[in-house]
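So that you can map any letter, position 380 of the sequence shown is 379 in numbering that gives the first Met the number 0, and since no number is skipped, the others follow by simple counting.
Written out below as structure tokens is the structure these notes cover.
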Amino acid sequence: MINYDSILSDNVKSLSPSAIRRFFDILEEMDDAISLGIGEPDFVTPWHIRDAGIRSLERGFTKYTGNAGLSRLREAIAEYLTRRFDLCYDPKTQMIVTVGGSEAIDLAVRALVNPGDEVIIPVPSFVCYGPITQLAGGTPVYIETKVENEFRLTADELRAAITPKTKLLILPFPNNPTGAILERAHLEAIAEVLRGTDIMVVTDEIYAELTYGRRHISLASLDGMYERCVVVNGFSKSHAMTGWRMGYVCAPAELVTQMLKIHQYAIMSAPTTSQYAAIEAMNEGDDDINLMRRDYDRRRRLLLDGLREIGIDCFEPHGAFYVFPYIGKFGLQSGEFCEKFLIEERVAIIPGTAFGPGGEGFARLCYASSIENIEEAVRRLGKFINRL
0 MINYDSILSD NVKSLSPSAI RRFFDILEEM DDAISLGIGE PDFVTPWHIR DAGIRSLERG
60 FTKYTGNAGL SRLREAIAEY LTRRFDLCYD PKTQMIVTVG GSEAIDLAVR ALVNPGDEVI
120 IPVPSFVCYG PITQLAGGTP VYIETKVENE FRLTADELRA AITPKTKLLI LPFPNNPTGA
180 ILERAHLEAI AEVLRGTDIM VVTDEIYAEL TYGRRHISLA SLDGMYERCV VVNGFSKSHA
240 MTGWRMGYVC APAELVTQML KIHQYAIMSA PTTSQYAAIE AMNEGDDDIN LMRRDYDRRR
300 RLLLDGLREI GIDCFEPHGA FYVFPYIGKF GLQSGEFCEK FLIEERVAII PGTAFGPGGE
360 GFARLCYASS IENIEEAVRR LGKFINRL
């Protein structure tokens, strides 16, 4: 018999499974449950985007593309970034089309991090940053953001976390799971801390189009930050294209050259059909973004009002499509609260602990769901906490 424990990678064995998965496994056994757990738009990809993918298949465009992606797509992304966020990247030398934003993050971390390097990660945040850092041999250094700061990373917190080993900062704003954003003043303060250092920044901007009452600003657009930023973005959240697995990464050419080598060996190229659909999304999708954003904003306000009416405290998020209310006052740990709520009331929400240190006492609710589901979920949550 093979002793698999002895032959498996110690690095991989040290990783904890995603805590989100457990709730989805329970949910799969329930036919009538409501999910406010999965971070996925409930919109279907707009028809004109789907049609572009279909037409590419009808025309027989089923072969590999170049490693970095279709030149037409990269040109469209470059125009989109300039139009929407005042970012200017050369589509030939400073951009790679990736298999979702997660691959883009992985490429950036692996291209930058050496064993022993420290990577600063504000938490709570998306679940992949720490494990990807560990797989690259780096050491995650977590900064626990605070509700009194609306879960923003502050310049003082960043300054205190920097050591001679610091190689990289992950900047995940607008934030999953908290919905926090960084406005220009906050970014300028962070930029001031970084100036004069060699610390690089991976700025994960997958929710850049989903801000409410404020326009997203990229750290890369600030003076002196362009050369140290790796901008990660994609189509999943902004264009309701999660299953198409389309993302991209933009950075100085010196970095892109190294990331492209990893992409070549690991992936070859992003899905061809998805790339043709993405060209349509970039060129003709601005109205879709605006329509979906307005609808998310309506749901955001409905969910916030509903939580407050039943006595649950929650700061007002201005980005993404999540709220991150405080549930610690009900006497249960976050994981216990969410599992008990799922089993008793058949509504899935995610414990804050799934998103790293600092999440205990909170839960993530996703409002990328129907108005009817949100209203019913809040009603059931009210019943649940009354029993507690």
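All residues carry an ideal CB built from backbone N, CA and C; glycine is no exception.
Computed from a predicted structure; not experimentally measured.
- Shown here, Val-98 sits in coil according to DSSP, grouped into three states, outside any helix or strand.
- Assigned with DSSP and collapsed to three states, Met-281 falls in helix.
- Taking each of Pro-270, Pro-316 and Tyr-206 in turn and checking the Cα distance to Thr-61, the smallest one comes out for Pro-270.
- For secondary structure counted as the beta strand (DSSP E) over 3 or more consecutive residues, the segment 159-191 holds these complete runs in sequence order: 165-170.
- Cβ-Cβ distances below 8 angstroms link Met-281 to Leu-72, Ala-75, Ile-76, Glu-78 and Tyr-79 in the same chain, with the five nearest sequence neighbours on each side left out; the list follows chain order.
- For Val-140, the beta-bridge partners assigned by DSSP are Ile-119.
- In the structure shown, Arg-378 adopts helical secondary structure according to DSSP, grouped into three states.
- Between the segment 258-276 and the segment 130-147 there are fewer than three C-beta pairs closer than 8 angstroms, too few to call the two in contact.
- Collapsing the DSSP output to three states places Val-231 in a strand.
- Sixteen is the threshold: since fewer than 16 other Cβ atoms of the shown chains lie within 10 Å of the Cβ of Pro-114, the residue is exposed.
- For Asp-197, the three-state secondary structure derived from DSSP is coil.
- Ile-373 is not a Cβ neighbour of Ile-311, given a cutoff of 9 angstroms.
- Measuring C-alpha to C-alpha distances from Val-126 to each of Val-377, His-215 and Gly-355 identifies Gly-355 as the nearest.
- For Gly-334, the enclosing alpha helix (DSSP H) covers residues 333-344.
- Nearest C-alpha to Glu-253 among Met-29, Glu-226 and Asp-286: Glu-226.
- DSSP places Leu-56 outside any beta strand (DSSP E); the residue lies instead in the alpha helix (DSSP H), whose first and last residues are 46-57.
- Going by DSSP, Ala-362 is part of the beta strand (DSSP E) stretching over 362-365.
- Rounded to the nearest angstrom, the Cβ distance from Glu-102 to Gly-334 is 29 angstroms, too far for a contact under 8 angstroms.
- Of Ala-160, Asp-155, Asp-197 and Asn-175, the smallest CA-CA separation from Leu-186 is found for Asp-155.
- Ala-347 has Ser-34 as its beta-bridge partners, per DSSP.
- Ala-250 places its beta carbon 9 angstroms or farther from that of Asp-222.
- By the Cβ neighbour-count rule, Pro-16 is exposed, with fewer than 16 other Cβ atoms within 10 Å of its own.
- In this structure, the CA atom of Glu-57 is about 16 angstroms from the CA atom of Glu-279.
- Collapsing the DSSP output to three states places Val-43 in coil.
- Contact between Phe-336 and Leu-380 is ruled out by a C-beta separation of about 10 angstroms, above the 8 angstroms threshold.
- DSSP, read as helix, strand or coil, puts Thr-64 in coil.
- Under the DSSP assignment, Val-11 falls in the alpha helix (DSSP H) whose first and last residues are 9-12.
- Between Ala-51 and Ser-268, the CB-CB gap reaches or exceeds 9 angstroms.
- The way I'd put it, the segment 93-108 does touch the segment 228-247; three or more beta-carbon pairs between them come closer than 8 angstroms.
- For Cys-249, the pairing in a beta bridge is given by DSSP as Met-94 and Val-230.
- Judged by DSSP in its simplified three-state form, Val-112 adopts coil rather than helix or strand.
- Per the coordinates, the alpha-carbon of Val-11 lies some 32 angstroms from the alpha-carbon of Met-29.
- The criterion of a C-beta distance shorter than 9 angstroms is satisfied by Gly-38 and Tyr-321.
- If you check the CB distance, Thr-202 and Ile-180 do not come in under 9 angstroms.
- Here Asp-312 is bridged, per DSSP, to Tyr-325.
- As a beta-bridge residue in DSSP terms, Asp-203 pairs with Val-231.
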